[in-house]
Amino acid sequence: MREYLATYIDKDYKAFHKKLVFTKYEILGIHSKLLKDYVKNLQKGHKAVFDIKSNNTI
Numbered sequence: 018m019r020e021y022l023a024t025y026i027d028k029d030y031k032a033f034h035k036k037l038v039f040t041k042y043e044i045l046g047i048h049s050k051l052l053k054d055y056v057k058n059l060q061k062g063h064k065a066v067f068d069i070k071s072n073n074t075i
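Using the working numbering, the letters of the sequence shown correspond one by one to residues 18 to 75.
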C-alpha cells in the first residue's frame, strides 16, 4: 500500500506541511482528497487497487 500511495506524493505539499506539523512520524505529502477517495474504495470492498487519478481499477 505504501508503494501505491508513494505515487501520489506532492513534494511542495509535503514541504509546506512539514513546516506546520511537528511530529516524529514521516509526512508523505498526499492531498487528503486523494486519501479519502482511496479509503472510500477500500471500504466498498474492491479487490483491485483503485486508481484515483483516472477513476479506473488497475
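Even glycine gets a Cβ: it sits at the ideal position worked out from N, Cα and C.
Can you list, in chain order, the residues of its chain whose CB lies under 6 Å from that of residue i, leaving out five sequence neighbours each side?
{"i": "Asp27", "result": "Gly46"}
{"i": "Tyr25", "result": "Ile47, Leu51"}
Should residue i be labelled buried (16 or more other beta-carbon atoms within 10 Å of its own) or exposed?
{"i": "Tyr42", "result": "exposed"}
According to the Cβ coordinates, are residue i and residue j closer than 9 Å?
{"i": "Lys35", "j": "Ile44", "result": "yes"}
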